[in-house]
Amino acid sequence: MKYDIILCGVGGQGGISVSVVIARAAMAEGLQVKQSEVHGMSQRGGEVLAHLRISDGTIASPTIPLGSASLVLAFEPLEALRYLPWLAAGGSVIAAAEPIRNIADYPDLGAIHAALKALPRSLLIDADRIAKEAGNARAANMVLVGAAARHLPLKAASLEAAIVELFSRKGEAVVAANMKAFEAGRGL
Amino acid sequence: MKILMTGNEAVARGALEAGISFASAYPGTPSTEILENIAVYKDDITAEWAVNEKVALETAIGASIAGARSLAAMKHVGVNVAADPLFTFAYMGVNGGLVLVSADDPGLHSSQDEQDNRYYAKFAKVAMLEPSDSQESKDMVVAAMEISERFDTAVLLRMTTRLCHSKTPVTEGTVPARSKKPYVKRLDKFDSVPATARRQHAVLEDRLLALEAFSNETELNRVEWKGSAVGVVSSGVAYQYAKEVFGKDASFFKLGFSHPLPMKKLKEFASRVGKLYVVEELEPYIEEQLKAAGIPCVGKELVPRLGELNPAIVAKAIFGTSAPTIQVDKSSVAERPPVLCAGCPHRGFFVELGKVKGIMIAGDIGCYGLGGMDPLNAKDAGLCMGASVSMAQGAQKVFERFGEKTRTVAVIGDSTFFHTGMNSLMSSVYNRAPTVTCILDNRITAMTGHQDNPGTGYTLQGAPTKEIDIEVLVRALGVEKARTVNPLRLGEVREALAWALAQNEPAVIVARWPCALKKRTEAEKKEFGALPLLCSIDQAKCVGCKACLRTGCPALRYDAKAKKTHIDEVQCLGCEVCAQVCPKQAIALVGAPNV
């Protein structure tokens, strides 16, 4: 088994937390994991990209080759579109529908949504709205983890344990809000 | 139990397990997190930010001479700055072991060049190790210390961005109690006068022979035999890409100890395989040496010399194969280039500087390098750390000599000024160059992620320390015309620039305001106020003239249908730069946002 995930979004969206949750869950199940991210300028509103590779065998490269990701998990629709060349034939796209318009020439959102919906296996999610309804606007990233849960080769319980572990030092309320967002995502 | 660590975290853990007691660095992507993670081990390691990479290596060398195991870390171009002590220390050898970590940046993720620092090991004649994942990054720091003390040599640990910032599993080892060798005065070893160095050069050449013999024996260089058809020589993260691409069908020579190369072992490997490939990132460092030794191999005629490799690039280069991909129309995916943040104190300064006519602006390395982009356009040249001030000096001298009226302005940040800018400014004073040096003091080393520096009042390990006053410093360097301004008050900046350009001697403007992303200390809240604040645009007054958009603030949004601009409340920090350029006075501070 090997499962390659491209995580993409805009700086400050919590993409790295998602990577940590999935990676820890995979480690807890005894799987091999490699994760690679590009930082440096993402704090200044640039795109954030992490490659996450999970396998029951040896993983060599920390980065995913073009055309071979099992899943593109995007926190922003334009970023989902940008990283489609990494998707394998038969791979899935799960993307937040709400745009981050921190650039002057943000393309037509309708066209972006249409391009994503036209893919054979794609899911667009109102992650911000669902997170707000779940009680924490900042937990949109965990809604996406929830939505990805049934695609990932991991047990939901492993992901839940990783969420608890990651947020435990921020207190029970934060853990509960993130868990609720995760559950809301799973229900989609 | 295995723990996921970045390569940088693993190097830090390696420093702990290798018995290192002193570590120093100047921040620089992708190396910065090495010292940040070492700094946590306060009980075992003294960790410091140096003012530049030369100082970082020299303090580590001092620690080594005193008998402690030491480490210096820097990005690839930082080794250029530290090259002076590196080359001569190679002659001296060590007392306590010393490892120099060079973090190269293939692909220029965040750098001004993509030089291949493996050549430094060969040029300076020191041993080199090249890890290919986090486990090796940790283990090789330990190995480097043993090699350093056994062979009396500095060791270059060569990392790359992909290793530094990739998380792979690591099994931790034991942590030894700290100890140091006794300090013994050794003028014959640690004083690089010609008579000593002449003798030491011969010792160094013998040492390289001993290191090559070790290179042929060590398990750091290993053969993974999978048959005689195809052989691949590789090192670093390129080894991982090659493993993925060649799969199970090729034999590998995996280099971990790559200077001096294990030529005997490599020749033997080459003689056993039908076709030999070298897969390496950037320059043909291995390939050139194999070919010089008469070993036929295929390398850079197939594998790109430019940029970062990945499995797809290696597969295409070697086998001409590529996976089918979904084609995305490039015009439909707008780029998100890095921009000065909303509320960035540099913006106000650049709004005014960009309007001044008849000047050449020399920029420097830091966030303020972004001031050269549209719409601010306040930069003519940018080279390397500290170069703004000296380039401005040279250009000014030539403009004067040829009777041209062009004036030169240098733009440099606080940390970059401490790094090497202050030497240049002293040179401008000494040589009577009437340049204008603008020190954009945002109270932190910002671009690399907020590291302390001599201007912030804190050390790397959190101790309060002397805070260097930049205006006092420049006056001490001999600048008589110096003043400090608030860069967010455009009138103040405009007036200061006019005043500085009217001088016939070196002038300095210190623009003092904290980075918009910096968590303000209590003292800073007192001096600069608390954030965030919020500006708002009165839509009735806005005429859609876009004057505010020419500040390049990412919090401003133009609605083409309504022909009005509004402000994104989430991003705005209330710096009021846009309010000052609005010809209709439509923008005003409305207090703190409702968040």
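Residue numbers (our numbering), protein chains in the order written: chain V, 5 to 192; chain D, 1234 to 1828.
Cβ coordinates follow ideal geometry from the N, Cα and C atoms, glycine included.
Bear in mind that the values here come from a model prediction, so they are computed numbers and not experimental data.
Query	Result
Inter-residue Cα distance where the pair is residue 1435 (chain D) and residue 1341 (chain D)	38 Å
Per-residue contacts from residue 1791 (chain D) into chain V (C-beta, under 9 Å)	108
Cross-strand partners of residue 97 (chain V) (DSSP beta bridge)	V:76, V:126
Touching by the beta-carbon criterion (3+ pairs, under 8 Å), the region 177 to 186 of chain V and the region 1243 to 1257 of chain D	no
Cβ separation of residue 1797 (chain D) and residue 1777 (chain D), assumed to be a contact under 8 Å, to the nearest whole Å	5 Å
Whole-angstrom C-beta distance between residue 72 (chain V) and residue 1556 (chain D), which should lie under 8 Å	6 Å
Cβ of residue 173 (chain V) within 8 Å of any chain D Cβ	no
Close Cβ partners of residue 1825 (chain D) (< 7 Å) along its chain, the five nearest in sequence each way excluded	1765, 1766, 1767
Reference residue 1680 (chain D), options D:1646, D:1359, D:1665, closest by Cα	D:1646
Contacts of residue 1353 (chain D) in chain V (Cβ-Cβ under 8 Å)	Under the 8 Å cutoff, chain V gives no residues; its nearest Cβ is about 23 Å from residue 1353 (chain D).
Alpha-carbon to alpha-carbon, residue 1547 (chain D) and residue 1478 (chain D)	7 Å
Residue from D:1411, D:1639, D:1446 whose Cα sits closest to the Cα of residue 1831 (chain D)	Given that chain D is displayed from residue 1234 to residue 1828, the structure contains no residue 1831 (chain D) and the question cannot be resolved.
Neighbouring residues, chain V, relative to residue 1473 (chain D) (Cβ below 8 Å)	64, 65, 66
Below-8 Å beta-carbon distance, residue 1487 (chain D) vs any chain V residue	no
Proximity test, Cβ basis, 8 Å: residue 136 (chain V) and chain D	no
Against chain D: residues of the region 143 to 163 of chain V by CB proximity under 9 Å	none
Every unbroken alpha helix (DSSP H) within the region 1695 to 1757 of chain D, with a cutoff of 4 residues, ordered by chain	1703 to 1709, 1723 to 1734
Local conformation of residue 2 (chain V) per DSSP, three classes	Past the edges of chain V, shown from 5 to 192, lies residue 2 (chain V), and the structure says nothing about it.
Three-state secondary structure (DSSP) of residue 1402 (chain D)	strand
Positions along the region 69 to 90 of chain V whose CB lies within less than 8 Å of some CB in chain D	69, 70, 71, 72, 82, 85, 86, 88, 89, 90
Residue 1453 (chain D) vs residue 1406 (chain D) beta-carbon contact at 8 Å	no
is_contact[residue 1569 (chain D), chain V] using C-beta, thresh 8 Å	yes
Segments of 3+ residues assigned as beta strand (DSSP E) that fall wholly inside the region 1348 to 1398 of chain D	1360 to 1362, 1388 to 1393
Straight-line Cα distance separating residue 1638 (chain D) from residue 1828 (chain D)	Legend: pLDDT at residue 1828 (chain D) = 46, less than 50; position of this residue unreliable, no value from coordinates given.
Best match in D:1705, D:1360, D:1322 for proximity to residue 1290 (chain D) [C-alpha to C-alpha]	D:1322
Proximal residues of chain D, C-beta to C-beta of residue 103 (chain V) below 9 Å	Simply none; closest approach about 11 Å.
Within-8 Å CB hit, residue 141 (chain V) to chain D	no
Residue 1640 (chain D) CB to nearest heavy atom of the ligand GTP below 7 Å	Here there are no bound small molecules, and the ligand GTP is not part of this structure.
Inter-residue Cα distance where the pair is residue 1473 (chain D) and residue 70 (chain V)	16 Å
Identity of the residues DSSP links to residue 1205 (chain D) by a beta bridge	As shown, chain D starts at 1234 and ends at 1828. That puts residue 1205 (chain D) outside it, with no answer to give.
DSSP-derived helix/strand/coil call for residue 1813 (chain D)	helix
The region 1620 to 1628 of chain D contacting the region 1660 to 1671 of chain D, beta-carbon criterion three pairs below 8 Å	yes
Same chain only: Cβ atoms within 7 Å of residue 1649 (chain D), ignoring 5 sequence neighbours per side	1597, 1598, 1599, 1618, 1619
One or two residues paired with residue 1767 (chain D) in a DSSP bridge	D:1824
Under the three-state DSSP convention, the category residue 46 (chain V) falls into	Legend: pLDDT at residue 46 (chain V) = 47, less than 50; position of this residue unreliable, value from coordinates given subsequently. Correct three-state label for residue 46 (chain V): helix.
Paired residues, beta bridge with residue 1291 (chain D) - DSSP	BP columns for residue 1291 (chain D) are empty, so no partner.
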